[in-house]
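Below is one structure, written out as structure tokens, with a few remarks after it.
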Amino acid sequence: MSEPYLRIAGLTKRFGATTAVRGVDLDVRQGEMVVLLGPSGCGKTTTLRMVAGFIEASEGRILLEGRDYAGLPPHRREMGMVFQSYALFPHMTVAANVIFGLRMRRLPRAETEARLAETLEMVKLTAMADRYPRQLSGGQQQRVALARALAIRPKVLLLDEPLSNLDANLRQQVAREIRGLQRAAGLTALMVTHDQDEAMTMADRLVVMNEGTVQQVGTQEELYERPANPFVARFIGHSNLIAGTVAGDALALPGGGALRLAGHYAPGTATLAIRPERVRLAPPEAAEARATVLVEDATYVGAHVEYLLALPDGTRLILHDPTDGGGGRRHAAGDRAGIAWDLASERLFDSAGAPLALRTPIAA
Amino acid sequence: MIERASRRHLLGLGAAAASLPFMPHVARAQTGGRVVVSTWGGDYAGLLGSNIDKPILGPKNIEVTQDVGTEPARIAKLIAQRRLPRGNVDIICAQAPSCYDLNEAGLLEPLDETKVPNMRHVVPELRNNYALPHIFSPQVFIYNTERVQAPPTTFADLMADRFKGKVGLLDNSFTYIVMAAALQKTGDAMNLQAVKPELEKLVRDGNKTYTVTDAFAPALRSGEIDVGPVWQARVIFWQKAGVAVRGSFPQEGSVVYVSSMGVPKNAPNKAAAFAYLNAMLEPAAQRGFADSMGYLPTNAEATLEGEVAQRLALPEPRPKLVAPDYAKLAAARDDLNDWWRRLLDGR
Amino acid sequence: MSARPRGLTAGLLVGPATLLVMGALVAPLLLLARTSLNRYDRTQFMVEALTPENYARFLVDPFYTGVLWTTLWIALLTTALCLLFGFPIAYRLARSQSRWKSAGVLLVILPLFIGSTVRALGWMGVLGRGGLLDSAAAALSPGSSVALLYTPFAVVLGILSINLPYMVLTLQSVIEGIDARVEEAADSLGADGPRRFLHVVLPLALPGIATGAVLVFILAMNAYATPLLLGGARFQMMAPMLFREYAVNNNWPFAAAIAFILMITTLTLTAASSAFVQRRYKAA
Chain A
2 MSEPYLRIAG LTKRFGATTA VRGVDLDVRQ GEMVVLLGPS GCGKTTTLRM
52 VAGFIEASEG RILLEGRDYA GLPPHRREMG MVFQSYALFP HMTVAANVIF
102 GLRMRRLPRA ETEARLAETL EMVKLTAMAD RYPRQLSGGQ QQRVALARAL
152 AIRPKVLLLD EPLSNLDANL RQQVAREIRG LQRAAGLTAL MVTHDQDEAM
202 TMADRLVVMN EGTVQQVGTQ EELYERPANP FVARFIGHSN LIAGTVAGDA
252 LALPGGGALR LAGHYAPGTA TLAIRPERVR LAPPEAAEAR ATVLVEDATY
302 VGAHVEYLLA LPDGTRLILH DPTDGGGGRR HAAGDRAGIA WDLASERLFD
352 SAGAPLALRT PIAA
Chain B
289 MIERASRRHL LGLGAAAASL PFMPHVARAQ TGGRVVVSTW GGDYAGLLGS
339 NIDKPILGPK NIEVTQDVGT EPARIAKLIA QRRLPRGNVD IICAQAPSCY
389 DLNEAGLLEP LDETKVPNMR HVVPELRNNY ALPHIFSPQV FIYNTERVQA
439 PPTTFADLMA DRFKGKVGLL DNSFTYIVMA AALQKTGDAM NLQAVKPELE
489 KLVRDGNKTY TVTDAFAPAL RSGEIDVGPV WQARVIFWQK AGVAVRGSFP
539 QEGSVVYVSS MGVPKNAPNK AAAFAYLNAM LEPAAQRGFA DSMGYLPTNA
589 EATLEGEVAQ RLALPEPRPK LVAPDYAKLA AARDDLNDWW RRLLDGR
Chain C
46 MSARPRGLTA GLLVGPATLL VMGALVAPLL LLARTSLNRY DRTQFMVEAL
96 TPENYARFLV DPFYTGVLWT TLWIALLTTA LCLLFGFPIA YRLARSQSRW
146 KSAGVLLVIL PLFIGSTVRA LGWMGVLGRG GLLDSAAAAL SPGSSVALLY
196 TPFAVVLGIL SINLPYMVLT LQSVIEGIDA RVEEAADSLG ADGPRRFLHV
246 VLPLALPGIA TGAVLVFILA MNAYATPLLL GGARFQMMAP MLFREYAVNN
296 NWPFAAAIAF ILMITTLTLT AASSAFVQRR YKAA
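Residue numbers (the numbering used here), protein chains in the order written: chain A, 2 to 365; chain B, 289 to 635; chain C, 46 to 329.
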């Protein structure tokens with residue numbers, strides 16, 4: 002396997018006694034869009050700012066094309082950055098903003114002009130070249146910020162929450178635009194967001210972070226289907242997390258009662274992660290039923306009916322029942338129902354948060 | 289202590305008794321009420337309160353209000369109010385030359401002994417009919433006792449080579465310096481034009497000029513200067529503060545600084561103002577200022593005693609004290625000022 | 046229906062303020078202007094007249110115009126030094142995230158609690174003969190002496206120390222208004238420190254620089270206690286001269302004329318610099 006284009010190894014940042022980023026490792030291939038995802042304060046922005054050079058790493062290395070970037074000031078890193086606030090130069094026109102990086106590089110006039118025209122064309126702002134940022138809409142300002150970063154033909158494009166200041170209805174569209182431009186230019190990009198949908202839409206691969214550490218790196222599918230720990234399971238697409246003790250083919254609940262599992266696992270304390278849309282309703286007496294539950298609430302939300310169910314010991318579980326045109330609510334509050342799921346949807350973690358290996362499936 | 293206090297008490301009673309034969313009831317009715325004294329702040333204002341207002345005017349039911357400010361500001365106020373039939377100041381405390389100016393402008397009430405009986409005790413040289421001298425201090429040569437073995441005894445000494453570059457001059461009393469020089473050179477303190485060449489040399493010889501009086505003591509202490517003409521009261525003040533200085537009187541005589549009080553023509557309560565002036569001249573009140581500030585009494589009857597008398601003692605033979613001719617001074621002042629500014633500027 | 050009450054309310058709100066400005070600002074100025082055309086008389090102090098002689102006396106006399114020049118160059122120099130020293134301090138304070146920041150700001154504000162006279166007296170203790178510097182010099186090499194008091198240097202130092210906090214505070218608030226990300230953007234686009242300052246920070250801070258400079262320039266032009274105490278009797282600036290004419294010589298008309306000449310000089314330079322800044326950086 003060839004050397005990665007961008008390699009982050011053991012990257013750590015300490016602010017006094019607190020550690021904001023702890024030993025982050027990440028390899029990024031050329032032309033890849035990697036999205037750092039996590040709740041606020043998880044260290045994703047600090048990681049991005051270390052790559053940009055705005056923050057000095059306490060430990061670890063950043064290698065681009067095999068070259069160590071430690072100690073290299075930001076203005077020599079050749080990384081185009083799009084800021085959350087856009088950070089356009091308010092005293093410069095759109096054109097002046099876009100060619101700022103080219104002026105700093107003392108590019109010949111003709112080439113500067115050509116690149117300006119090309120970049121403005123790319124972001125469809127040719128008509129706005131002489132306007133000032135304050136005369137533009139939020140979406141237009143965002144595109145200027147992007148154009149300014151693209152104009153220098155950066156080695157890596159860094160995007161810090163680029164969509165968070167846009168109206169909700171504009172986000173999807175701009176997300177696709179950015180993705181389109183990045184792919185067309187074959188740019189390597191590192192983006193930071195707290196928004197899961199945004200991350201899912203734009204990334205080739207995602208990095209889920211929490212409390213300064215990387216929880217899991219993978220594609221959308223890998224993260225969704227095979228979360229590495231309960232945090233990822235809950236953070237990506239929401240999961241029901243049910244604590245209990247594996248005993249035989251069942252998960253005994255702490256308050257009494259048990260769930261029948263789809264597979265055999267090593268006995269001991271464990272957490273079951275299962276997604277609401279992967280649980281289905283079944284008659285309580287059916288063979289596939291893994292537990293009998295009490296319906297506490299049923300809400301019709303369009304694509305599905307969301308059921309709030311109580312397990313035998315009172316633990317809550319959410320179930321999404323697709324509406325597929327035909328049925329509405331099949332149960333009302335107070336009903337008793339059975340729940341069922343398939344082996345592929347079931348994921349157990351041990352007390353340390355590591356996935357429990359499946360020994361043998363149990364026939365339904 | 290007890291003796292002095294009782295003496296002061298007796299004198300106070302005596303003054304009250306002296307004024308009684310003249311229409312006692314009317315005087316009492318007229319002199320009550322409020323009197324507004326326009327004065328400098330600080331020690332001076334405090335001493336007015338403790339030596340005049342409380343002990344003498346309090347018993348007469350005269351309530352004193354002080355209007356405190358710098359002299360220029362207070363004089364400006366008086367000038368601004370000159371056209372008002374009724375002003376708001378009863379007594380103006382100012383230096384003698386300013387009082388002369390105010391009187392020339394027609395702002396001051398004429399004074400005589402029927403209005404202020406104690407006026408008859410005023411040192412004759414300081415007496416005039418528009419403002420009463422309150423305290424005074426002769427100009428002496430201050431010198432650093434550690435560095436100056438033979439103190440200057442005449443203004444000519446300040447020009448001598450031995451003090452070259454070591455003479456301090458106070459900008460705010462430069463007219464008095466001119467008078468002192470004139471007195472030495474011509475025997476007439478008001479022969480102001482005659483000494484310009486000498487003073488020009490004095491200034492150009494690298495002697496130091498100070499804008500504020502308080503800069504003088506540190507300069508004397510640090511050796512920036514060794515001598516300079518200042519008021520005797522200042523020498524006493526700095527001696528008390530522990531500066532190794534002493535004052536010597538010029539053989540040719542000392543020009544005196546006089547602090548005066550006048551009554552504006554539009555004073556709201558003239559009767560009380562006269563009573564105030566009379567109280568101000570009381571020996572007890574005068575001694576209070578000599579005790580604390582080192583100024584000499586303007587009441588010839590107010591003799592000093594004990595340690596204060598020693599500190600303020602004039603040498604024997606008694607030096608000649610020269611009061612400026614304020615009319616001549618006023619006439620020459622604009623020219624003098626212009627000449628002095630340009631001389632200092634040296635451009 | 047809503048137009049009239051609104052107009053009325055606006056009138057009621059603006060009315061007292063306008064009256065106050067007229068009464069507190071315009072009226073005294075008019076009075077001053079009128080006074081400057083009167084004639085000084087030794088015994089009458091002031092005689093009603095309409096004469097330009099007070100202005101003429103100042104303007105044709107190299108002594109007086111010399112004082113104006115001295116005042117001007119001192120004011121310009123201290124303003125330039127305020128900028129030079131103030132900008133780095135203001136920048137550090139504005140960009141600081143440290144918990145010591147408020148302590149730093151307090152340190153800048155603290156001198157403002159002490160009057161300029163008291164601070165001038167402090168400088169006298171440092172710069173004078175036998176003062177701090179002089180004693181230190183004498184201790185280091187016996188026989189030597191440093192007398193900086195009563196020099197233009199002392200005046201510049203004194204005014205600088207008084208005006209610097211105003212410049213720092215003005216610049217700090219303006220720099221805080223500049224998004225730090227904008228500087229990072231310039232940085233990521235390849236601008237090194239000097240070029241980032243020249244192309245981004247400076248143009249964006251320019252309105253603040255102009256405000257701060259005008260503020261300290263006006264303060265320096267009108268400085269009174271500092272030149273009087275630190276410059277001494279031989280160093281002349283406008284404010285002490287004006288005060289002497291007004292207070293010691295009782296020459297109100299001439300003092301008023303000096304006040305107007307000082308004010309017009311200050312206003313002209315201020316307006317010219319503002320116009321320059323506005324034209325140069327219209328966009329910012």
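Each residue gets a CB set at the ideal place from its N, CA and C atoms; glycine is no exception.
Ordered along the chain, which non-local residues of its own chain (more than five positions away) have a Cβ less than 6 Å from that of A/Pro277?
Same-chain partners within the cutoff: Ile319, Leu320 and His321.
Could you say which of B/Val596, B/Asp331 and B/Pro405 lies nearest to B/Met568 if we only look at CA atoms?
Cα-wise, what sits closest to B/Met568 is B/Pro405.
Minimum length 4: unbroken alpha helix (DSSP H) runs contained in the segment 157 to 223 of chain A:
For the segment 157 to 223 of chain A, whole alpha helix (DSSP H) runs of length 4 or above, ordered along the chain, are 169 to 186 and 197 to 203.
I'd like to confirm something about A/Val175: is its beta-carbon nearer than 7 Å to some heavy atom of the ligand HEM, or not?
Ligands displayed in this structure: none; no statement on the ligand HEM is therefore possible.
Considering only the beta carbon of each residue, do A/Glu199 and A/Ala169 sit closer than 8 Å?
In terms of Cβ geometry, A/Glu199 and A/Ala169 do not form a close pair [threshold 8 Å].
Pairing CB atoms from the segment 555 to 569 of chain B with CB atoms from the segment 377 to 389 of chain B, are three or more of them under 8 Å?
The segment 555 to 569 of chain B is in contact with the segment 377 to 389 of chain B.
Using 10 angstroms around the beta-carbon of C/Trp297, count the other beta-carbons present and answer buried if the total reaches 16, otherwise exposed.
The residue in question, C/Trp297, is buried, as its Cβ has 16 or more Cβ neighbours within 10 Å.
Along the chain, where does the beta strand (DSSP E) containing B/Ser425 start, and where does it finish?
It spans Ala419 to Asn432 - the beta strand (DSSP E) in which B/Ser425 sits, taken as one unbroken run.
Consider the Cβ of C/Leu234: report whether some Cβ of chain A lies at a distance smaller than 8 Å.
Closer than 8 Å: yes.
Taking the alpha-carbon positions, what's the A/Ala118 to A/Phe350 distance?
For the pair A/Ala118 and A/Phe350, the Cα-to-Cα distance works out to about 55 Å.
Collapsed DSSP secondary structure at B/Val610 in the structure displayed
It is a strand residue.
Per-residue DSSP class, three states only, for A/Asn98:
DSSP, read as helix, strand or coil, puts A/Asn98 in helix.
Report the rounded CA-to-CA distance for C/Leu126 versus B/Cys387, giving the unit in angstroms.
Distance between the alpha carbons of C/Leu126 and B/Cys387: 46 Å.
Under a Cβ-count criterion, where at least 16 other Cβ atoms within 10 Å of its own Cβ denotes burial, should C/Val163 be classed as buried or exposed?
Around the beta carbon of C/Val163, fewer than 16 other beta carbons sit within 10 angstroms, so the residue counts as exposed.
Buried/exposed call for C/Trp114, threshold 16 Cβ in 10 Å
It is exposed - the Cβ of C/Trp114 has fewer than 16 other Cβ atoms within 10 Å.
For chain C, check one thing: does any of its Cβ atoms lie closer than 8 Å to the Cβ of B/Arg492?
Interface residue (Cβ-Cβ distance to chain C less than 8 Å): B/Arg492 is not classified as such.
Quick one: does C/Thr88 have its CB under 8 Å from some CB of chain B?
With a threshold of 8 Å between beta carbons, C/Thr88 makes contact with chain B.
Meets three-Cβ-pair contact criterion under 8 Å: the segment 354 to 373 of chain B and the segment 389 to 404 of chain B:
Contact between the segment 354 to 373 of chain B and the segment 389 to 404 of chain B is present: three or more C-beta pairs spanning the two stretches fall below 8 Å.
Of the residues that make up the segment 43 to 58 of chain A, which ones have a beta carbon closer than 7 Å to any beta carbon in chain C?
Against chain C - using a Cβ distance shorter than 7 Å - the residues of the segment 43 to 58 of chain A are Ala53 and Phe55.
Can you confirm whether A/Thr13, when its beta carbon is compared against all beta carbons of chain C, has any partner nearer than 8 Å?
It does not: the Cβ of A/Thr13 has no partner Cβ on chain C nearer than 8 Å.
What is the DSSP secondary structure of C/Ser161, counted as helix, strand or coil?
Helix at C/Ser161.
Taking 8 Å as the cut-off, does the segment 156 to 164 of chain A touch the segment 12 to 21 of chain A (at least 3 CB pairs, one atom from each stretch)?
No, they do not touch.
Which stretch, first to last residue, makes up the beta strand (DSSP E) that contains A/Gly269?
For A/Gly269, the enclosing beta strand (DSSP E) starts and ends at Gly269 to Ile275.
In chain C, which residues lie with their C-beta within 8 Å of the C-beta of B/Val500?
The answer, in chain order, is Leu273 and Leu274.
Boundaries of the beta strand (DSSP E) in which A/Tyr308 is found, first to last residue
Residues His305 to Ala311.
Hey, would you say B/Leu617 sits closer than 8 Å to B/Val491, going by beta carbons?
No; because the gap between Cβ atoms is not below 8 Å, this pair is not in contact.
Straight-line CA distance for A/Ser57 to A/Leu158?
For the record, residue 57 of chain A in the displayed sequence is Glu; it is not Ser. Whole-angstrom Cα-Cα distance: 19 Å.
Grab the span of the beta strand (DSSP E) containing C/Phe90 for me, first residue to last.
Where C/Phe90 is concerned, the enclosing beta strand (DSSP E) stretches over Phe90 to Val92.
Enclosing alpha helix (DSSP H) for B/Lys489 [first to last residue]
Lys484 to Arg492 is the span of the alpha helix (DSSP H), which, as asked, contains B/Lys489.
Using a 10 Å radius around the Cβ and a threshold of 16 neighbouring Cβ atoms, would you call A/Pro74 buried or exposed?
An exposed status is given to A/Pro74, since fewer than 16 other beta-carbon atoms sit within 10 Å of its beta-carbon.
Where does C/Trp168 fall in DSSP's three states?
Assignment of C/Trp168 by DSSP, reduced to helix, strand and coil, places it in the helix class.
So, with DSSP's three-state summary, where would you put B/Lys403?
Coil.
Within 10 angstroms of the Cβ of C/Ser2, are there 16 or more other Cβ atoms? Answer buried if so, exposed if not.
Because residue 2 of chain C is not part of the residues shown, which for chain C are 46 to 329, the question remains open.
Within 10 Å of its beta-carbon, does B/Gly349 have 16 or more other beta-carbons around it, so buried, or fewer, so exposed?
Note that residue 349 of chain B is Asn in the sequence shown, not Gly. Exposed.
Starting from the beta carbon of A/Arg144, find every residue of chain C whose beta carbon is closer than 8 Å, and list them in chain order.
For a Cβ distance threshold of 8 Å, nothing in chain C lies close to A/Arg144: the least Cβ distance comes to about 15 Å.
Would you check if the segment 115 to 134 of chain C and the segment 207 to 218 of chain C touch, i.e. whether three or more CB-CB distances between them fall below 8 Å?
Result yes; three or more Cβ-Cβ pairs closer than 8 Å.
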